[in-house]
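In this text, residue positions in the sequence shown follow the numbering used here: the first is 3, and each later residue adds one.
Some notes on the structure that comes next.
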Amino acid sequence: MRKYKMIYKSNKIRWVKLRLLTITNGWKRASYLKRKNVFMEMGDGCYYHTRDLPAEPYLVKLHNDVRIAADVRLITHDIASYMINNISKYEEYGKARYYMGTIEIFDHVMIGAGSKILPNVKIGPNVIVAAGSIVTKDIPENSVVAGVPARVIGTFDEFAKKRIRETKCYPEKKDGINEILSFFWDKNSL
């Protein structure tokens, strides 16, 4: 049997969840999770802004350069079996087992704020999941997805070119807060 180098005991996970609340930076949070071997796999250059951990973090693989925004939920199970097992008309079929599945997120993926990734999902490389999306099935590489349930609305290449074009004139953080405020607020009102 393969030996996995990660934490899986519930008391250790509880401590990690508590510690996540005190780490205010997504880069530092990702570094902490990687150092503690929380997930089955966690690549380099990850950003983990959400403070939530899946119930079974050992069912999650995050490859390189995965960016997870605020309030994202990685859902590795559901509790429908408990409900099914309490309805007598289904007894003749036997007991439903606890339903769980893996989540694998490949290189260069950004998952927008408030999104939910359900069990048994693979997100290919070079993908953007728009904020608030619910991912119920695999996402092919080089895609932009949005919606409930998430569906492909464009390609990563199209998005990247458009974003580069749109933001060429934007000030950078290094330009200072006054430059940023002036750029966004000193325009003519409608």
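C-beta: ideal position from N, C-alpha, C; glycine also.
Treat the numbers as computed from the prediction; the structure is a model and nothing was measured.
Measuring straight from C-alpha to C-alpha, what distance separates residue i and residue j?
i: residue 3; j: residue 60; result: Any reading at residue 3 must be qualified, since the residue scores a pLDDT of 46, below 50, and its modelled position is unreliable; no value is offered.
i: residue 136; j: residue 71; result: 14 angstroms
i: residue 178; j: residue 172; result: 12 angstroms
i: residue 126; j: residue 142; result: 5 angstroms
i: residue 112; j: residue 88; result: 39 angstroms
i: residue 24; j: residue 38; result: 15 angstroms
i: residue 81; j: residue 165; result: 40 angstroms
i: residue 181; j: residue 30; result: 28 angstroms
i: residue 162; j: residue 146; result: 10 angstroms
i: residue 124; j: residue 139; result: 7 angstroms
i: residue 175; j: residue 40; result: 32 angstroms
i: residue 100; j: residue 32; result: 29 angstroms
i: residue 86; j: residue 53; result: 31 angstroms
i: residue 15; j: residue 92; result: 35 angstroms
i: residue 34; j: residue 96; result: 42 angstroms
i: residue 152; j: residue 51; result: 21 angstroms
i: residue 44; j: residue 168; result: 32 angstroms
i: residue 22; j: residue 57; result: 15 angstroms
i: residue 183; j: residue 62; result: 40 angstroms
Per DSSP, what are the beta-bridge partners of residue i in this structure?
i: residue 102; result: 79
i: residue 157; result: 145
i: residue 150; result: Paired residue(s): none; residue 150 is not in a bridge.
i: residue 112; result: 69, 130
i: residue 107; result: 64, 125
i: residue 136; result: 118
Got a sec? Which residues, its chain only, sit under 6 angstroms from residue i by beta carbon, not counting five neighbours each side?
i: residue 55; result: 19
i: residue 114; result: 71, 131, 132, 133
i: residue 103; result: 121, 122
i: residue 68; result: 48, 107, 111
i: residue 148; result: 132, 135, 155
Among residues of its own chain, excluding the 5 on either side of residue i, which ones have a beta-carbon nearer than 7 angstroms to its beta-carbon?
i: residue 128; result: 110, 143, 144, 158
i: residue 46; result: 66
Report whether the distance from the Cβ of residue i to the nearest heavy atom of the ligand ADP is below 7 angstroms.
i: residue 92; result: This structure simply doesn't include the ligand ADP, nor any ligand for that matter.
Requested in this report: List in chain order: all unbroken alpha helix (DSSP H) runs of 4+ residues lying wholly within the stretch 25-74.
Outcome: The stretch 25-74 contains, as complete alpha helix (DSSP H) runs of 4+ residues, the segments 28-37 (chain order).
Query raised in the report: Touch check for the stretch 66-84 and the stretch 116-124: three-plus C-beta pairs under 8 angstroms?
Result: Under the Cβ criterion (8 angstroms, minimum of three pairs), the stretch 66-84 counts as touching the stretch 116-124.
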